[in-house]
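Enquirer: Input: one structure, supplied below.
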Amino acid sequence: MLLASGINDSIVVVVLASAVVYGTPLLFAALGELLAERAGVLNLGVEGMMLVGAVLGFWAVQRTGSLPLAILVAAAAGAAMALIHAFLTITLRANQIVSGLALTIFAGAAGLSSYLGNDLNVADQPARHSFSSFLPHSWRTAKFVGPILFNQSALVYGSWVLVALVALYLNRTRLGLNLRAVGESPAAADAMGINVVGYRYAHTVVGGALAGIGGATFTLWITPQWVDGITSGAGWIAIALVIFAFWRPALCLVGAYLFGAFSGIPFTFQARGILKSVPPELFQSLPYVMTVVVLVLVSSAGARRRLGAPAALGTPYVREER
Amino acid sequence: MPPAVELRDITKRFPGVVANDGVRFEAAEGEVHALLGENGAGKSTLSNILTGLYQPDEGEILLGGRPVDFGSPRDALDAGIGMVHQHFRLVPPFTVAENVILGDHRGEGKRFLVHPRRIERRVAELGERYRIAVDPRARVWQLSLGEQQRVEILKALYREARILILDEPTAVLTPQEAESLFETLRVMAAEGRTVIFISHKLHEVKAVSDRVTVLRDGKTVDTVSTASATPRSLAALMVGREVSLAERVPRTGEVGEPVLEVRDLWAPGDRGGDALRGVDLVVRAGEIVAIAGVAGNGQRELAETVTGMRAPSRGEVLVSNRNLRGGDARDAIGAGVAHVPEDRLHTGVAPSLSIASNVVLKSYRGNHISRGPLLKLRTIREHAAHLIHRYDVRGGGPDVPARQLSGGNLQKVVLAREFHGEPRVLVVASPTRGLDVAAIETVHRYLRDAAAAGVGVLLISEDLDEILALADRVAVMYEGAIVGERDAGTATVEEIGLLMAGGDGA
Amino acid sequence: MIRIERRLTQPWWLGVLVPVGSVVVAFGVMTLVLLATGHPPGHTFSRLIRTGFGGMDALNATFVAATPLLFTGLCAAVAFRMQLFNIGGEGQLYVGAILGAGAGLVLGNHTGWLSVPAMILAGAAGGAAYALLPGLFRAFLSTNEIITSLMLNYVAALVIDYLIFDSQSYWRDTSTPTAKVFPQGKNLPAAASWPLSHVGSLYLPFGLLLGVVLATVIWLLYTRTRFGFEVQVIGDSPRAAAYAGMRTRRKILAVMALSGAIAGIGGASQDGDFRHTLDPRGLTSAGYGYAGIVIAALARYNPFAVCLIAFLLGGLQNAGYALQGVDFPSGLVGVLQGLILFCALGGELLIRYRVRLKTRAAAAAEAAAT
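Top line first, the protein sequences correspond to chains G, E and F.
Going by my numbering, the letters in the first sequence line up with residues 2 to 323, in that order.
Going by my numbering, the letters in the second sequence line up with residues 237 to 742, in that order.
Going by my numbering, the letters in the third sequence line up with residues -3 to 366, in that order.
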């Protein structure tokens, strides 16, 4: 549907542009979770880590006005949350599923993030600074690609760099090879002198840091304010996204934008008055329904055998167990 | 000159057992030194200590006369100790080359796998030199067990191990492959390396080693030169008493009608392809038919298909002339097929549940165990107590969790349960793996008793000695089919070995 | 040097001491958090406990809060016991609430006494059916039930929102002019109100009593029947279950349906006992399903322990809600619940393993002594 003002206002472009926007927090969180899962640690606490990163990142920018510092704070917050999960599941050998859920309850919308949001008095105020697009105007208004690719914030471009780095790390470096071994056969990795515990801790914590940044993407850019539970389930979608992407970074990018599109469509359509008779809830449910559909398709036995999960995902590694 | 490696007074304890008790061991450069002992004697524990996987509670390790402390496998690897484990420590989805260089932190810059080609070339070179060639680009899950073992050896050679430890290496090899392995080991020793060969098989120890150290119950019994020892003397050291080496006991009962017939059975494997390719087999009441073969040729799948745990794609399984419903374990159980599985702890029992629960694992729906939907708990406990007593299961009463039992006692529970159901057919897979001599004798006795009572026993085992001692007939499996059958009384190890390797058994 | 060895036997008293200890330790940590953020711990806790448990009014309010938690706790326990991680209790409760309210609205005006059992059945059916979705995917396609059941929570929440806020559905109250502008659910007829029993001045909601009965039934089912035996075996070792010829797929479906049904009854109870209407805002903001998981984990999946812990956590929830305001930290309840769960998880280690501290000196001394 082309309006008179040109292709850049068409529904296609707007949806694609918003796909990138809404997909970015998903991408950060999914990349983080991908790293943790490649090490064999399933962390279901992503939603909680994102929220804590969101609220503390917001607080940091309110206090200091510095966006880079805010991102760092958000990352540190997410990492700290992940450390709890790592300690419980790696050192104390707790059930990874229950621990991740506990983290979500602890840090999530009725927990720590809300507590902090309240105590730090950050609700009901706009951000002092937020990320915004910064590339030259001519780029940003280029036909078709302008709004989609160039009218985005540094966070988006950062996420692209991250995808490339993670892919390079996993496939081309020695450390990445070791990581993959840890996730597939911790016994083999251990016997070859790789520090399984160290790799698991490190990648779980980094996963948390990235989740924290993903959360801050909301409060420092998309909707630059703090509201309780602002991520509304993005963390869970990110977890599904990792499976959808067969634990590969490049596919995370594709999937993140796909799901981002589903999240953005309700608002866009509503604003345009398109398909008014269709209840907004239908569109809003699309990301979740699509996640289920994708998961069902992906988990068919054939797919799983060939392109499957890290074999040791979810199980604690114990060296001296008899 | 100090020994290449020496262990002094090594002690290692686990909950409930002292695996190594003041062990003394030393091996010289250029020597193939065997570590002999029955299952449970402490050999694996010792090797795990030597490779840094476990830390000893007491004692010390010396390399070339100098004490060393291995905090982790990396330390041992750096010190030049390489190990070929019984259960390979390989990453299945990785290529051979990736597995070989895994964890190697010397050379080859830290950031990039810049030259996968260079690694592949080196791996190919090593394979050529020691005659253990493998395609460096192949993915490990695609390789046969024998080839995977070569990868394990290549790993050690790539890291320039001066001391190579092999843990029960011939379990997955045909007799001919084993010979080839021994050649390789002799070449390595001739280069000045130290080879430590862990085994419980007397004839192998005699075949390949220069000296033998015998372990029993976690202690060092003696170290002798192989040339001066006989299988009998070694066995005596191993067990602590005069042993009559496995002798055939002539069958007592009559052989009756066929109780198990397998006709042109085909079944898919776990990784695509067919694991069973037209298996034909008959087991009669009162006879013991053994399936020999190198692991990975379809034996496991045969056991699973016959007992209903795996669905066949073609062919039939008949029990006393009744056709079994493929892939339905309950149907097989109902038809009188009992199964003692290979993995007794994780398949044969529910490990956290009590012995009592495990005893009724299959029979809980029967009339005397339950009334309608409700279980008769007291009956179950009494039944379990009765079986524990009758089969002399040591380690606790009916309420003890199954995982607490030792291997031998656990096997007794499984056997007790399976016999008690008065089966027509008894399928047993590797029944004596990991058991000590006393337990092995007990298991063999039960199998003979079962046959004498008219049960048709299908024995799947990788231990040729066991097969030749127990079975009436031996069928050899190779690549999913039976390639030959022999009368066990007259067959020779060479014949069977040839069939196992796919050769013509003419 | 810390040595962790697997225990051979698990003393029963550890199974009680550790959860209790977890709560104590969690409160301890919470104290530090409160101090660090400038809230007086003693005062906060005493207000919490008084509002939750001090006096008849408090207890009655706690019963109200505990009732849904009892259902969702049982829902989780029933499934988790078999290593089926049904995270969908939340959504299954909503669907039960929808169908329960529907039954109440339809039957309440016609056949008075039938409406209560009808609501229970409708709620159970709704929850069971909704839980069968992830159940079928798991049983037949091996799709992991965690994410699927979780995603369905969000879908159910959207459905319930739609029914009241964005449609002219049967559930919506369109009678008054205000209702046309501010959407809300139709009120259930009086006959669809669930009976309230009282013991002295304690008021026990029907749902609570029903829940306790359910807990007993589940306990019997899981410990005394063949069904329960199979659940135990499958939960412990799916391979052993397959070996023994157990019908694992059927069990997965049955257990998921049972689990969902329980949560569904919890939803119907919300309509019939407390809200007397289909209340999307109230239901979706309460988080009963997730709290239920915490309760089940703390209770180590024992149905009676679930009852007890639901009561205690109900008191906390009730107090947290009642005390909400400027001078009381929000999100406190979630933090406390999370801490309790963390401590319980960590405590699990002590139950399954023995932790021994050995200093290098001690180890050397041992070596020297031999």
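Glycine included, each C-beta is placed from N, C-alpha and C at the ideal position.
As the structure is a computational prediction, the values presented were derived from the model and not from experiment.
Under 8 Å, with one C-beta from each stretch per pair, do the region 54 to 66 of chain G and the region 246 to 260 of chain G reach the 3-pair mark?
Expert: No, the region 54 to 66 of chain G is not in contact with the region 246 to 260 of chain G.
Enquirer: Counting C-beta neighbours from all protein chains within 10 Å, is the total for Thr68 (chain F) 16 or more, i.e. buried, or is it exposed?
Expert: Locating residue 68 (chain F) in the third sequence gives position 72, where the first residue counts as 1. Label assigned to Thr68 (chain F): buried.
Enquirer: According to DSSP, is Ala110 (chain G) part of a helix, a strand, or is it coil?
Expert: In the first sequence, the residue the question calls residue 110 (chain G) occupies position 109. Reduced to three states, the DSSP call for Ala110 (chain G) is coil.
Enquirer: Under 7 Å Cβ-Cβ, which residues of chain E neighbour Met50 (chain G)?
Expert: Working through the first sequence from its first residue, we reach residue 50 (chain G) at position 49. Here the premise fails: no neighbours, minimum Cβ distance about 29 Å.
Enquirer: Find the residues of chain E that neighbour Glu38 (chain G), judging by a C-beta separation of less than 8 Å, and give them in chain order.
Expert: Here residue 38 (chain G) refers to the residue found at position 37 when the first sequence is read from its first residue. None at all; the shortest Cβ gap to chain E is about 15 Å.
Enquirer: What do you reckon, are the CB atoms on Ala72 (chain F) and Gly327 (chain F) nearer than 7 Å?
Expert: Indexing the third sequence from 1 puts residue 72 (chain F) at position 76. Indexing the third sequence from 1 puts residue 327 (chain F) at position 331. No. Outside cutoff.
Enquirer: Can the beta-carbon of Arg520 (chain E) be found less than 7 Å from the beta-carbon of Gly692 (chain E)?
Expert: The residue given as residue 520 (chain E) occupies position 284 in the second sequence. The residue given as residue 692 (chain E) occupies position 456 in the second sequence. In contact: Arg520 (chain E) and Gly692 (chain E) (Cβ atoms closer than 7 Å).
Enquirer: Let me know if His106 (chain F) comes out buried or exposed under the rule of 16 or more other beta-carbons within 10 Å of its beta-carbon.
Expert: As a first step, residue 106 (chain F) is located in the third sequence; it is residue number 110 there, counting from the start. Label assigned to His106 (chain F): exposed.
Enquirer: Can you list the residues of chain F that Ala108 (chain G) reaches, using a CB-CB cut of under 9 Å?
Expert: Start at 1 with the first residue of the first sequence, and residue 108 (chain G) comes out as number 107. In chain order: Gly330, Val331, Gly334.
Enquirer: Roughly how many angstroms lie between the CA atoms of Tyr290 (chain E) and Ala32 (chain F), to the nearest whole one?
Expert: Reading the second sequence from its first residue, position 54 is the one you call residue 290 (chain E). Reading the third sequence from its first residue, position 36 is the one you call residue 32 (chain F). Using only the alpha carbons, I get a separation of about 43 Å.
Enquirer: Excluding the five sequence neighbours on either side, which residues of its own chain have a C-beta within less than 7 Å of the C-beta of Gly345 (chain E), listed in chain order?
Expert: The residue you call residue 345 (chain E) lines up with position 109 of the second sequence. Bear in mind that the predicted position of Gly345 (chain E) carries a pLDDT of just 48, short of 50, making it unreliable; the figure below should be weighed with that in mind. Same-chain partners within the cutoff: there are none.
Enquirer: Output the boundary residues of the beta strand (DSSP E) element that contains Pro148 (chain G).
Expert: Taking the first residue of the first sequence as 1, we reach residue 148 (chain G) at position 147. Here Pro148 (chain G) belongs to no beta strand (DSSP E), and DSSP marks it neither H nor E.
Enquirer: In this structure, what does DSSP give as the bridge partners for Ala665 (chain E)?
Expert: Numbered from its first residue, the second sequence carries residue 665 (chain E) at position 429. DSSP output for Ala665 (chain E) lists E:Ile696 as bridge partner(s).
Enquirer: Determine the contact status of Ala190 (chain G) and Val183 (chain G), defining contact as a CB-CB distance below 7 Å.
Expert: If you number the first sequence from 1, residue 190 (chain G) lands on position 189. If you number the first sequence from 1, residue 183 (chain G) lands on position 182. Contact: yes.
Enquirer: Verify whether the separation of the beta carbon atoms of Leu156 (chain G) and Thr65 (chain G) is less than 7 Å.
Expert: Counting from 1 along the first sequence, the entry for residue 156 (chain G) is found at position 155. Counting from 1 along the first sequence, the entry for residue 65 (chain G) is found at position 64. No; because the gap between Cβ atoms is not below 7 Å, this pair is not in contact.
Enquirer: Quick check: the region 258 to 269 of chain F against the region 109 to 126 of chain F, are there 3 or more CB pairs under 8 Å?
Expert: The region 258 to 269 of chain F vs the region 109 to 126 of chain F: in contact.
Enquirer: Using a Cβ-Cβ cut-off of less than 9 Å, list which residues of the region 649 to 661 of chain E approach chain G; keep chain order.
Expert: Cβ contacts with chain G come from no residue of the region 649 to 661 of chain E.
Enquirer: Closer than 7 Å, CB to CB, is Gly345 (chain E) near chain F or not?
Expert: Taking the second sequence and counting its residues from 1, one reaches residue 345 (chain E) at position 109. Annotation note: pLDDT 48 at Gly345 (chain E) (below 50); position unreliable, no value reported.
Enquirer: Go ahead and pull the three-state DSSP assignment for Phe324 (chain E).
Expert: In the second sequence, counting from the first residue as 1, residue 324 (chain E) sits at position 88. Phe324 (chain E): coil per DSSP, three-state reduction.
Enquirer: Beta-carbon within less than 8 Å of Gly147 (chain G)'s beta-carbon, same chain only, minus the 5 sequence neighbours each way: which residues are those?
Expert: Taking the first residue of the first sequence as 1, we reach residue 147 (chain G) at position 146. Cβ neighbours of Gly147 (chain G) beyond the five flanking positions: Asn9, Trp140, Arg141.
Enquirer: Mapping DSSP to helix, strand and coil, what is Val259 (chain E)?
Expert: Working through the second sequence from its first residue, we reach residue 259 (chain E) at position 23. DSSP places Val259 (chain E) in strand when its eight states are reduced to three.
Enquirer: Say whether chain E places a C-beta atom closer than 7 Å to the C-beta of Gly268 (chain F).
Expert: For the purposes of this step, residue 268 (chain F) is identified with residue 272 of the third sequence, where counting begins at 1. It does not: the Cβ of Gly268 (chain F) has no partner Cβ on chain E nearer than 7 Å.
Enquirer: Could you compute how far the alpha carbon of Ala333 (chain E) sits from the alpha carbon of Ser606 (chain E)?
Expert: Residue numbering aside, residue 333 (chain E) sits at position 97 when the second sequence is read from its first letter. Residue numbering aside, residue 606 (chain E) sits at position 370 when the second sequence is read from its first letter. When rounded, the distance between both Cα atoms is 57 Å.
Enquirer: Looking at the C-beta of Pro292 (chain E), does it have a partner C-beta in chain F at a distance below 7 Å?
Expert: Residue 292 (chain E) sits at position 56 when you count from the first residue of the second sequence. So no, Pro292 (chain E) is outside the interface.
Enquirer: Taking the DSSP output, what are the residues bridged to Asp723 (chain E)?
Expert: Residue 723 (chain E) sits at position 487 when you count from the first residue of the second sequence. According to DSSP, Asp723 (chain E) bridges with E:Arg709.
Enquirer: Does the separation of the CB atoms of Ala503 (chain E) and Thr541 (chain E) fall below 7 Å?
Expert: Numbered from its first residue, the second sequence carries residue 503 (chain E) at position 267. Numbered from its first residue, the second sequence carries residue 541 (chain E) at position 305. Going by C-beta atoms, Ala503 (chain E) is nearer than 7 Å to Thr541 (chain E).
Enquirer: On the DSSP letters alone, give me the boundaries of the alpha helix (DSSP H) that Ser19 (chain G) sits inside.
Expert: One-based indexing of the first sequence puts residue 19 (chain G) at position 18. It spans 12 to 39 - the alpha helix (DSSP H) in which Ser19 (chain G) sits, taken as one unbroken run.
Enquirer: Distance check for Leu597 (chain E) and Thr590 (chain E), CA to CA, integer angstroms please.
Expert: As a working note, residue 590 (chain E) is residue 354 in the second sequence. As a working note, residue 597 (chain E) is residue 361 in the second sequence. First, the amino acid is wrong: residue 590 (chain E) is Ser here, not Thr. About 11 Å.
Enquirer: Within this structure, are the beta carbons of Met26 (chain F) and Leu309 (chain F) separated by less than 7 Å?
Expert: Mapped onto the third sequence, residue 26 (chain F) falls at position 30. Mapped onto the third sequence, residue 309 (chain F) falls at position 313. No. Outside cutoff.
Enquirer: Taking 6 Å as the limit between beta carbons, can you name the residues of its chain near Ile83 (chain F), skipping five residues before and five after?
Expert: The residue labelled residue 83 (chain F) in the question sits at position 87 within the third sequence. Cβ neighbours of Ile83 (chain F) beyond the five flanking positions: Ile142, Ser145, Leu146.
Enquirer: I want to see whether chain G comes within less than 7 Å of Ile261 (chain F), judged by CB atoms only; does it?
Expert: Position 265 of the third sequence, counted from the first residue, corresponds to residue 261 (chain F). For Ile261 (chain F), the answer is no, since every Cβ of chain G falls outside 7 Å of its Cβ.
Enquirer: Do Ile317 (chain E) and Thr281 (chain E) come within 7 Å of each other at the CB atom, strictly closer than that value?
Expert: By 1-based counting over the second sequence, the position of residue 281 (chain E) is 45. By 1-based counting over the second sequence, the position of residue 317 (chain E) is 81. Their beta carbons are not under 7 Å apart, which means Thr281 (chain E) does not touch Ile317 (chain E) by this criterion.
Enquirer: Is there contact between the region 270 to 279 of chain E and the region 300 to 317 of chain E, where contact requires at least three CB pairs shorter than 8 Å?
Expert: In short, these stretches do not touch, since the Cβ pair count stays below three.
Enquirer: Taking buried to mean at least 16 other C-beta atoms within 10 Å of its own C-beta, is Ala186 (chain F) buried or exposed?
Expert: Numbered from 1 along the third sequence, position 190 holds the residue referred to as residue 186 (chain F). With fewer than 16 other Cβ atoms within 10 Å, it is exposed.
Enquirer: Report the residue from G:Leu27, G:Ala251, G:Thr90 whose alpha carbon sits nearest the alpha carbon of Ile223 (chain G).
Expert: Locating residue 223 (chain G) in the first sequence gives position 222, where the first residue counts as 1. Comparing Cα positions, the closest option is G:Leu27.
Enquirer: Which first and last residues belong to the alpha helix (DSSP H) in which Tyr600 (chain E) is found?
Expert: By one-based count along the second sequence, residue 600 (chain E) stands at place 364. That residue, Tyr600 (chain E), is in no alpha helix (DSSP H); it is neither H nor E in DSSP.
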